[in-house]
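In my numbering, the protein residues as written are 833 to 1289. Quick notes on the structure that follows.
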């Protein structure tokens, strides 16, 4: 009996020692597991969602000026770094070295300008003459109208127009002459001869009156016609030469001036001279590069954005830019333009988004490569979870929350906007202050959490 109690006592000691050893082993294993986990505290804060890309800085405008004719450089009026204004002369060629057509353009320009001056002078003269003619023919109309109004129409022509009366009186005169011809050789005292002679004289007087009436009406119509013509001439010239005539001569002037301009280089816009490749005495030919001008008042970066992200980008959105060549500086910009048409490169569709720098300084230069992040969404005071903590399990997104007792809890979450590192939590059991695991055991991700993981939050 005594030996039996000894065996029981020994067995109890072994069981207790084994239990304590297992507990110690379990705690050691859990401590080891906790030691390799990376965690982060869930907080509330600002979420900035961005779309990124790279691009090269370029000027707002760039012009590479080339010679359009051959010749010898006479003068170079600028150097690299000079600011120039639009239309400013930059370089010239020697006149005697120019092709004959360019030299003769000066004479053509002079002649065309003279022709234009004469055109305006002649137009002014024609307008003055027209005004004088209007006054003269207006007087003529008034005079002719007065004479016609004061002409007494014989009673035998009343009711007839001038031409009808003239024809009638001509017929009467012819008849009277014929009748008188038959008796004109009779003695002057012959009664019939006297009677027919009186009728002939009356017919002649009536005919003369009809002719006078026609003349008066004709003079009036001529005066009216002349007055109308003078008025038309005035309308034609009152505003100067005709647009067609002016355009024809101005085209001659423009052509001659363009030919002459071949001997000069001028700035097409205001900017900065960034390259000079000529010097006095150089022989040049058409196409020879001479000077480059850049408008550095505004610097732009063209960024290629994937078709997946382009609809999130709008004109006016803020952007941050950093340059490999400029350390420890971040520049700001805004979206200036979003290309409406994509380009395909090796099967990938991209869209060009143009960013305008808003605080560029002297360190930023065309040609530099910029890393660009466009801010497409910005939220304040939202619950944030690290993207590294989010896993997909059974078709839902979950995060593993580390409990105070060392256990894990799988918490389902519904996410909203996201950035490269954080996502907005809009629903679920996660709360501020929770400690989430950034690198949960692989077996969790493959098979889901083990049975002892709490999912009832």
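Glycine included, every Cβ here is placed at the ideal spot set by N, Cα and C.
| Under the three-state reduction of DSSP, which class applies to residue 1110: helix, strand or coil? | Taken through DSSP and simplified to helix, strand or coil, residue 1110 comes out as coil.
| said: Could you check whether the Cβ of residue 1094 sits closer than 8 Å to any Cβ belonging to chain C? | reply: In summary, chain C is missing from the structure at hand, where a single protein chain is found.
| Beta-carbon gap between residue 922 and residue 1123 smaller than 8 Å | yes
| message | If distances are taken between C-alpha atoms only, which option among 934, 1052, 1032 and 874 comes closest to residue 979? | response | 1052
| query | Under the three-state reduction of DSSP, which class applies to residue 1161: helix, strand or coil? | reply | strand
| message | Suppose you measure from the CA of residue 1273 to the CA of residue 869; what does that come to, to the nearest Å? | response | 8 Å
| field | Segment limits, beta strand (DSSP E) that includes residue 1040 | value | Unbroken run through residue 1040 is the alpha helix (DSSP H), 1023–1069; no beta strand (DSSP E).
| said: Run through the DSSP bridge pairs and tell me what residue 1134 is partnered with. | reply: 888 and 1186
| task | Name the one or two DSSP bridge partners that residue 898 has. | result | Paired residues: 1121.
| query | Is residue 985 near residue 1045, with beta carbons less than 8 Å apart? | reply | yes
| From which residue to which residue does the beta strand (DSSP E) around residue 1222 run? | Unbroken run through residue 1222: none, as it is neither H nor E.
| query | What span of residues does the beta strand (DSSP E) with residue 1244 cover, start to end? | reply | 1240–1250
| task | Kindly indicate which three-state DSSP category residue 1075 falls into: helix, strand or coil? | result | helix
| task | From the DSSP output, in three-state form, read off residue 1004 for me. | result | helix
| field | Beta-carbon spacing of residue 1267, residue 1243 below 8 Å | value | no
| said: residue 912 and residue 1098 - do their beta-carbons sit closer together than 8 Å? | reply: no
| field | Residue range of the beta strand (DSSP E) that includes residue 922 | value | In the DSSP annotation of this structure, the continuous segment of the beta strand (DSSP E) that includes residue 922 starts and ends at 921–925.
| query | Expressed to the nearest angstrom, what Euclidean distance is found between the alpha-carbon atoms of residue 1261 and residue 1207? | reply | Between the alpha carbons of residue 1261 and residue 1207 lies a gap of roughly 29 Å.
| query | By DSSP, does residue 1126 sit in helix, in strand, or in coil? | reply | strand
| field | Straight-line gap, residue 983 to residue 996 (C-alpha atoms, nearest Å) | value | 17 Å
| said: By alpha-carbon positions, which one of 1218, 1182 and 1258 ends up nearest to residue 1294? | reply: No answer is possible for residue 1294: it lies beyond the span of the chain, which begins at 833 and ends at 1289.
| query | Going by other Cβ atoms of all chains shown within 10 Å of its Cβ, with 16 needed for buried, is residue 918 buried or exposed? | reply | exposed
| request: With distances taken Cα to Cα, identify the nearest neighbour of residue 888 among 1057, 1215, 1197 and 910. | output: 1197
| Do residue 1377 and residue 883 have their C-beta atoms closer together than 8 Å? | It is not possible to answer for residue 1377, since the shown part of the chain is limited to 833 through 1289.
| message | If you measure between the beta carbons of residue 1126 and residue 1103, is that distance less than 8 Å? | response | Result yes, Cβ atoms of residue 1126 and residue 1103 sit closer than 8 Å.
| query | DSSP three-state call for residue 1146: helix, strand or coil? | reply | In this structure, residue 1146 counts as coil in the three-state DSSP scheme.
| said: Are the CB atoms of residue 874 and residue 1265 within a distance shorter than 8 Å? | reply: yes
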